[in-house]
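Its first residue numbered 586, the sequence shown is counted upward by one per residue in my numbering. A virtual CB, placed ideally from N, CA and C, is assigned to each residue, including glycine. Keep in mind it's a predicted model, so treat the numbers as computed, not measured.
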Amino acid sequence: MASAAGWRQVAGSVARLLGGVGAAALATYVYLIVVARAVGPAEYAAFSAFWAVVVILGTGVYLPVEQETARRGVDPSGVQVPRPLRRSALIAAGIVTAGVAVLLLLLWPAVSGFFGGDPLLAAALAVGCAGYAAQYPVRGLLSARRRYGRYAAVLGSEAALRVLVVVGLVVVADPGPATLALVVGVAALGSALVGLARTRDVVDVAGPMALLRSATVLIVGAVALQTLLYGGVVVARILAPGSDDATAGQLLAAITVTRIPVFLFQSMEALVVPRIAELAARGDRTGLLVLVRRLLALVGSLAVLTAAGAAVAGPQVVSLMFGSDFVVTHGTMALLGLGTGVFMLAVAASDVTVALGGHRQVAIGWTVGLLAAIASIALLQDFVLQVTVPLVVGSAAAAALLAWSARSRMASTLPVGA
């Protein structure tokens, strides 16, 4: 009876976690749709520039801090004087934020131009970084303690705050892109406070600098991954012909729609990756091969559905979600869907490699993919192709290299006959 009760408790926590992920994904799309309908295609291009940067920084820079915090929280080692992990994680995130701030200041002319000369968008980015610097370490602490229900509460509260605040602003005022962008940081800070009140600190024997050093390799790979995924937004903003912000805004809405399957895949990752690591630790080669094959079959099917669905119904979905002013072609949606599908295959190979300890190989794989995408931009002349094709090229390059890395790690970790 005790084991059955324990299983029900674990299942309930996992269900709440998946519910939180789902709520966060839904809230993200509600938020983006409300913003797009409120400001129109031209101003949505400026907002999307902010959105791309804040996502790249959030999941590229701060998510590795969360992951390393979670790892240290469940696997302490050494005999040094213990320190509170919460303090170490927040200090590490603060150092990362300071580094990001210095980089943005050094690149200010380019950053200002990217944001259309609107300093308020840069201010919104600063607030967003502050929110993520608080939120992601808290999420790492909750993950380390296996507090999945409380972790879901952080995601859910961020989702609720984001939607309620943006809808309230649109109803009572006529906000511009910068005002609506501030909602991201405000929601992240609010959810961090919710999570911080529910965390129990754990021992950290190494301190913030050791945590930061361990997270650095993950940051390199994650930034390359997110830049590849959202590179189309950056390209559309920088290379939009003349003053054609409306076309850029339409393409950015199309990119947003084709990212929906990525959210579905991310909810699956949280369950699959730990299982791969567990099977490898037990030396279960057969079980590992079966799980990896099932993962690839599932992701492959999702990739095919994404590409086909985008090609057939993509333009109608874009107009339905964002409004009749947002018009894209079937060919454009087909390329965006194909890129997203290949990207998910690359992420699947990356997950297997990470689960088997190949962090450096993952960083190299995504960096090579990003460089391949940049090279393809230089070779293309058409604006729409410059926005849509690089994700296909970069993801294919990353997928090939990461698949080889995953196979090599499996062979070395669990050789035939093991």
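Presumed contact (8 Å Cβ cut-off) between residue i and residue j, rounded CB distance
{"i": "Ala709", "j": "Phe635", "result": "6 Å"}
{"i": "Ala892", "j": "Ala919", "result": "7 Å"}
{"i": "Val978", "j": "Tyr815", "result": "Between Tyr815 and Val978 the Cβ distance is about 15 Å, and since that is not below 8 Å, they are no contact."}
{"i": "Leu754", "j": "Pro760", "result": "5 Å"}
{"i": "Ala839", "j": "Val903", "result": "5 Å"}
{"i": "Glu653", "j": "Tyr721", "result": "So it is not a contact: roughly 10 Å between Cβ atoms."}
{"i": "Leu955", "j": "Leu813", "result": "5 Å"}
{"i": "Phe911", "j": "Gln966", "result": "With 8 Å as the limit, Phe911 and Gln966 do not qualify as a contact, their Cβ atoms being about 25 Å apart."}
{"i": "Ala833", "j": "Ala630", "result": "4 Å"}
Nearest residue (CA-CA) to residue i, options the options
{"i": "Ala888", "options": "Met929, Gly806, Glu863, Ile861", "result": "Met929"}
{"i": "Val732", "options": "Ile676, Ala600, Val650, Tyr717", "result": "Going by the sequence as given, residue 732 is Arg instead of Val. Answer by Cα proximity: Ala600."}
{"i": "Ala608", "options": "Gly679, Tyr736, Gly701", "result": "Tyr736"}
{"i": "Gly679", "options": "Leu955, Leu796, Ser935", "result": "Leu796"}
{"i": "Ala996", "options": "Ala865, Gly817, Leu920, Leu749", "result": "Ala865"}
{"i": "Ser980", "options": "Arg672, Val820, Ser990, Leu810", "result": "Leu810"}
{"i": "Ala794", "options": "Leu890, Ala744, Leu670, Ser909", "result": "First, the residue type needs correcting, since residue 794 is Met and not Ala in the sequence shown. Checking every option, the nearest Cα to that of Met794 belongs to Leu670."}
{"i": "Val802", "options": "Ala630, Ala686, Gln946, Gly954", "result": "Gln946"}
{"i": "Leu1005", "options": "Arg672, Leu849, Val875, Thr871", "result": "Nothing can be reported for residue 1005: it is not among the residues displayed for the chain, which extend from 586 to 1003."}
{"i": "Ala777", "options": "Thr832, Ala715, Arg822, Val808", "result": "Ala715"}
{"i": "Val857", "options": "Gln835, Leu941, Leu890, Met906", "result": "Leu941"}
{"i": "Arg730", "options": "Val771, Leu746, Val884, Ala655", "result": "Ala655"}
{"i": "His915", "options": "Val606, Leu905, Leu746, Gly899", "result": "Gly899"}
{"i": "Leu837", "options": "Ser886, Val875, Ile861, Thr917", "result": "Thr917"}
Euclidean distance between Cα positions of residue i and residue j
{"i": "Val624", "j": "Ala766", "result": "12 Å"}
{"i": "Val939", "j": "Ala758", "result": "46 Å"}
{"i": "Arg740", "j": "Leu602", "result": "As written in the sequence, residue 740 is Leu, which differs from the Arg given in the question. Cα-Cα distance, rounded: 9 Å."}
{"i": "Ala800", "j": "Leu675", "result": "13 Å"}
{"i": "Ala627", "j": "Ala895", "result": "23 Å"}
{"i": "Phe699", "j": "Val819", "result": "8 Å"}
{"i": "Ala983", "j": "Val646", "result": "20 Å"}
{"i": "Leu881", "j": "Leu873", "result": "12 Å"}
{"i": "Val666", "j": "Tyr717", "result": "The predicted position of Val666 is uncertain, since its pLDDT is 35 and thus under 50; a value taken from the coordinates is nonetheless stated next. Going by the C-alpha atoms only, they are around 29 Å apart."}
{"i": "Thr764", "j": "Ala948", "result": "35 Å"}
{"i": "Pro649", "j": "Ile804", "result": "6 Å"}
{"i": "Ile618", "j": "Arg798", "result": "38 Å"}
{"i": "Gly908", "j": "Val620", "result": "11 Å"}
{"i": "Gly770", "j": "Gly734", "result": "23 Å"}
{"i": "Ala831", "j": "Gly817", "result": "15 Å"}
{"i": "Val927", "j": "Leu883", "result": "13 Å"}
{"i": "Arg860", "j": "Val875", "result": "12 Å"}
C-beta atoms of residue i and residue j nearer than 8 Å
{"i": "Thr925", "j": "Arg844", "result": "yes"}
{"i": "Ser961", "j": "Val969", "result": "no"}
{"i": "Val877", "j": "Val937", "result": "yes"}
{"i": "Leu976", "j": "Ala958", "result": "yes"}
{"i": "Leu781", "j": "Val712", "result": "no"}
{"i": "Gly806", "j": "Trp951", "result": "yes"}
{"i": "Arg994", "j": "Gly943", "result": "yes"}
{"i": "Val870", "j": "Ser633", "result": "It should be pointed out that residue 870 corresponds to Arg in this sequence rather than to Val. Not closer than 8 Å, so no."}
{"i": "Ala744", "j": "Ala612", "result": "yes"}
{"i": "Val932", "j": "Phe850", "result": "yes"}
Checklist line | Whole runs of the alpha helix (DSSP H) within the stretch 888-963, excluding any shorter than 4 residues | finding: 915-940
Next item on the list: Kindly provide the ranges of any alpha helix (DSSP H) runs that are 4 or more residues long and lie completely inside the stretch 682-723, ordered along the chain.
Entry: 693-699
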